[in-house]
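Residue numbers for the sequence shown follow my numbering, so the first one is 1 and each next one is one higher.
For each residue, glycine too, the CB sits at the ideal point set by N, CA and C.
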Amino acid sequence: MFNEQSFEVFEVAGLEERMAAIRQEIQPTFQQLNESFQQLLEPLVNEKLFIHIAQHRRRTTYPPENTWSALSRQKRGYKMEPHFQLGIGGEYVFMWLACINQPKNEREIAQLLLENQAVFEDLSPNFVLSGDHTKSTVEKLSPETLQKLLIRFRDVKKGEFQIGRIIPKGDPLWKNPEAAQDFMSATYEKLAPIYQLANQANLLSVEN
Numbered sequence: 001m002f003n004e005q006s007f008e009v010f011e012v013a014g015l016e017e018r019m020a021a022i023r024q025e026i027q028p029t030f031q032q033l034n035e036s037f038q039q040l041l042e043p044l045v046n047e048k049l050f051i052h053i054a055q056h057r058r059r060t061t062y063p064p065e066n067t068w069s070a071l072s073r074q075k076r077g078y079k080m081e082p083h084f085q086l087g088i089g090g091e092y093v094f095m096w097l098a099c100i101n102q103p104k105n106e107r108e109i110a111q112l113l114l115e116n117q118a119v120f121e122d123l124s125p126n127f128v129l130s131g132d133h134t135k136s137t138v139e140k141l142s143p144e145t146l147q148k149l150l151i152r153f154r155d156v157k158k159g160e161f162q163i164g165r166i167i168p169k170g171d172p173l174w175k176n177p178e179a180a181q182d183f184m185s186a187t188y189e190k191l192a193p194i195y196q197l198a199n200q201a202n203l204l205s206v207e208n
C-alpha cells in the first residue's frame, strides 16, 4: 500500500534517480492493487481487463511529477478508450475513470454520457472531476460542472474527461491500509457502470 515513502519519491531530484525510486517504491504497489481491482471489476464489467504501468520512457530530462497505472480491456494500450486509472503524485493518490488523449469516438462517448447523466446520480459528494490530466487541480462533482466538462470533452479537440476520487497525502486513511484499499475498491465499483456506458459508444460506432 502507499505510504509516506511513496509520496517522498516525488522529492527525489533527477530523472534517473526518481525513476529508480518509482520502480522500487511505487510500481510494486500498482501491480498488487491492480491485481485486486482486476478481480473486482472483471465480473462487474463482464470483460477481461489488462494491467498497464506507465514507464515514462519518452522522458529524457525532467523527472515525472506523477506516475500512474491503468486497467483497460485493450492488451496493447489504454489511452485509446475509457479506462480505470490509479496514480500518485506528490500531493495525492488518484483513482479515475479516464477519457484522455483524444480517445476514439470521443464525441460519441461524451454525447452518450450527456444523455444519460442519471448514471452519475449514485456518486457521493466526494467524487471529483478533471478536464486535463496534465494538471493536478480537480473540481467538485456537481450537475453543472459535470455538464460543462462533458460538453467541453465533446466539442473541444483536446478536451478530456476524468471522474473519480483522490486521497490526499495527509489523509488518515493511509494509517489503515485495509481501509484505504476498501475506499479505492468502492470507488472503482461506483465507476464501473459509467465505464460500461462510455464503452458502449465504441459498439454503437461499429453498428452505424
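Between residue i and residue j, what straight-line distance do the alpha-carbon atoms span, to the nearest angstrom?
i, j, result
"Glu-160", "Cys-99", "6 Å"
"Gly-14", "Pro-63", "6 Å"
"Leu-97", "Glu-178", "22 Å"
"Asn-46", "Gly-87", "24 Å"
"Val-119", "Glu-189", "13 Å"
"Met-19", "His-52", "16 Å"
"Lys-135", "Leu-149", "15 Å"
"Thr-145", "Asn-126", "14 Å"
"Thr-137", "Ile-194", "22 Å"
"Gln-31", "Glu-121", "31 Å"
"Ala-278", "Glu-11", "Residue 278 lies beyond the residue range present for the chain, which begins at 1 and ends at 208; the question has no answer from this structure."
"Thr-61", "Gly-77", "24 Å"
"Trp-139", "Gln-74", "Inspection of the sequence shows that residue 139 is occupied by Glu rather than by Trp. Straight-line Cα distance between these residues: approximately 29 Å."
"Met-156", "Lys-48", "The identity of residue 156 in the sequence shown is Val, whereas the question assumes Met. If you take the alpha carbons of Val-156 and Lys-48, they lie about 31 Å apart."
"Gln-85", "Lys-79", "10 Å"
Under 8 Å Cβ to Cβ from residue i, same chain only, skipping five residues before and after it: list those, please.
i, result
"Gln-5", "Glu-25"
"Gln-147", "Leu-114 and Gln-117"
Quick one: residues in its chain with C-beta nearer than 6 Å to the C-beta of residue i, no 5 flanking neighbours on either side, listed in chain order?
i, result
"Pro-168", "Tyr-92"
"His-56", "Pro-64"
"Ala-54", "Thr-67 and Trp-68"
Report, in whole angstroms, the separation of the C-beta atoms of residue i and residue j, which I expect to be a contact under 8 Å.
i, j, result
"His-83", "Ser-72", "4 Å"
"Phe-37", "Ser-185", "7 Å"
"Arg-154", "Gly-131", "Contact doesn't hold; Cβ gap of about 12 Å is too wide."
"His-133", "Gln-162", "6 Å"
"Phe-7", "Gly-90", "6 Å"
Going by DSSP, what residue range makes up the beta strand (DSSP E) through residue i?
i, result
"Thr-67", "66–72"
"Ser-130", "128–130"
"Ala-118", "Here Ala-118 belongs to no beta strand (DSSP E), and DSSP marks it neither H nor E."
"Gln-211", "Beyond the ends of the chain as shown, which are 1 and 208, falls residue 211; an answer cannot be given."
"Phe-84", "83–89"
"Leu-97", "92–99"
"Gly-165", "Looking at the sequence itself, residue 165 is Arg, so the reference to Gly does not match. Here the beta strand (DSSP E) through Arg-165 covers 161–168."
Residues in the same chain with beta-carbon distance under 7 Å from residue i, minus the five sequence neighbours each way, listed in chain order, please.
i, result
"Phe-2", "Thr-29, Ile-88, Val-93 and Trp-174"
"Val-9", "Arg-18, Ala-21, Ile-22, Glu-25 and Ile-26"
"Arg-59", "Leu-15"
"Thr-187", "Met-95, Gly-164 and Arg-165"
"Arg-107", "Arg-154"
Is the separation between the beta-carbon of residue i and that of residue j shorter than 8 Å?
i, j, result
"Ala-192", "Leu-33", "no"
"Leu-141", "Leu-129", "yes"
"Asn-116", "Leu-197", "yes"
"Ala-180", "Asn-105", "no"
"Met-95", "Gly-170", "no"
"Asn-176", "Glu-81", "no"
In the DSSP assignment, the alpha helix (DSSP H) including residue i goes from what residue to what residue?
i, result
"Gln-27", "27–45"
"Met-19", "15–21"
"Leu-149", "143–155"
"Glu-11", "Per DSSP, Glu-11 belongs to no alpha helix (DSSP H) and is neither H nor E."
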